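First the structure, in the form of structure tokens, and then the observations on it.
Numbering (the numbering used here), first residue to last: 2 to 290.
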């Protein structure tokens, strides 16, 4: 027969006893020799248990729910100042429930609700790409010959701010996809438009795919009049392009609607007539009798 021994009561039968019940004698059936249980009425609470979002200090380390970095049930929530549903990747808290925040990150301008990983794009600012570290992106591309100007810019992420909590803090969401969290129209699902914002958070500003992009006409001879056969879409006039398509010979600087018609067998002013009475240097001819 075994003699008296030191033991601890393990009421919840999780294998760990309550240190306050230390006793010596003949151990009862619910006794154990390992202590450290901080709540012997909860079988899910003992040293080494997985921390869960249940209002309990499951692993007995003094931290509850989202305050415990070991909590596998907590979610990262991202600050969403413009309330467009997309948060800033670099500004997040870990919590069991969402506050005024979003589970979607990627917002590169959280002060602009029109900017996020997917809205309309507008013409008005340089290209911005949101990443954890600065980077540069370029856009461009006239049709013939290349000449459209490119736009570049650099976006720097906010200082990292992460915290833990049981409920998502006000102004936070569980994603980090907003590329402009100051603009509510900027979000991953937004439409492109011409407003100098990266409305759909794809890293490009006012590209040719913007809903309100304009058609521009190539002006190869740089006389201010474009060729209707060669066009490109852009939010602003690319280099070597004109807003109109009135040039009838884009290889000749002297041929355009503002040119003066002269006797050279060319329709200088693009009115459909060549020389003749339309020419400024036409001579009057008298028939001899």
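Just so you know, even glycine gets a beta-carbon here, dropped at the ideal spot from N, CA and C.
Predicted model, so just to flag it, every value in this text is computed and none were measured.
Top-ranked residue by Cα proximity to residue i, from the options
i, options, result
"residue 183", "81, 63, 16", "81"
"residue 248", "241, 242, 258", "258"
"residue 74", "61, 83, 85, 55", "55"
"residue 93", "219, 246, 179", "179"
"residue 1", "255, 20, 25", "Because residue 1 is not part of the residues shown, which for the chain are 2 to 290, the question remains open."
"residue 77", "97, 48, 43, 24", "97"
"residue 83", "65, 6, 173, 91", "173"
"residue 49", "33, 17, 246, 6", "17"
Cβ neighbour criterion (16 or more within 10 Å) applied to residue i
i, result
"residue 177", "buried"
"residue 9", "buried"
"residue 88", "buried"
"residue 216", "exposed"
"residue 240", "exposed"
"residue 30", "exposed"
"residue 90", "buried"
"residue 185", "buried"
"residue 175", "buried"
"residue 230", "exposed"
"residue 265", "exposed"
"residue 181", "buried"
7 Å CB neighbourhood of residue i in its chain, flanking five on each side removed
i, result
"residue 364", "This structure leaves residue 364 out entirely; the chain is present only between 2 and 290."
"residue 274", "268"
"residue 71", "52, 60"
"residue 253", "222"
"residue 5", "25, 26, 27"
Same chain only: Cβ atoms within 8 Å of residue i, ignoring 5 sequence neighbours per side
i, result
"residue 44", "13, 14, 15"
Contacting residues, own chain, Cβ-Cβ under 6 Å from residue i (five flanking each side not counted)
i, result
"residue 65", "58"
"residue 22", "9, 10"
"residue 250", "256"
"residue 33", "9, 11, 18"
"residue 41", "12, 13, 19"
"residue 246", "218, 227, 229"
"residue 7", "25"
For the region 253-272 against the region 219-227, do three or more pairs of beta-carbon atoms, one drawn from each stretch, fall closer than 8 Å, so that the two count as touching? Inter-segment contact for the region 253-272 and the region 219-227 is present: three or more beta-carbon pairs are separated by less than 8 Å.
Contained alpha helix (DSSP H) runs [length at least 4] in the region 8-38, N- to C-terminal order: Correct list: empty.
Suppose only complete runs of 3+ residues qualify. What are the beta strand (DSSP E) ranges in the region 220-276, listed by chain order? Runs found: 228-235.
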